[in-house]
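Here's the structure, in structure tokens; my notes come after.
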Amino acid sequence: MVGDVEEINLGYRLARRYWNKGLASEAARAVLNYVFGEKLLKSVVVIIEPEHLASLKVAEKAGFSSFDVLEFHGRPVRLYRLTSEQWETLHNNAMRATSA
1 MVGDVEEINL GYRLARRYWN KGLASEAARA VLNYVFGEKL LKSVVVIIEP EHLASLKVAE
61 KAGFSSFDVL EFHGRPVRLY RLTSEQWETL HNNAMRATSA
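The numbering of the sequence shown is UniProt numbering, which starts it at 1 and goes up by one.
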């Protein structure tokens, strides 16, 4: 739950030996493609502590861009939200770029 709103929070955690292989980025994109492509959700959030630079990169690669800073479980975090409309724009732009 974020504030008073129940939302889907996309999270990822990998054993250290699997870091820097693109697995979290690929998994995040696959989840977003599924939930937005099938029109299952209107938005997805990620909640990331600012010092977790790799997680921030994964979120940004997946299309999350703007964020709010808030407190979550007593710690400052960045709350990113990606809407289905934002995803559709990103997805359509990527499709056009690959077909050009």
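All C-beta atoms in this analysis are idealised placements derived from N, C-alpha and C, irrespective of residue type, glycine included.
| Asked | Found |
| --- | --- |
| Residue from Y12, L14, N33 whose Cα sits closest to the Cα of M95 | N33 |
| Chain C contact for V69 (CB, 7 Å cutoff) | Here chain C cannot be found, since the structure has a single protein chain. |
| Cα-Cα separation between E26 and G74, rounded to whole angstroms | 30 Å |
| Start and end residues, alpha helix (DSSP H) containing S25 | 23-37 |
| Cβ-Cβ distance between A59 and V46 below 7 Å | yes |
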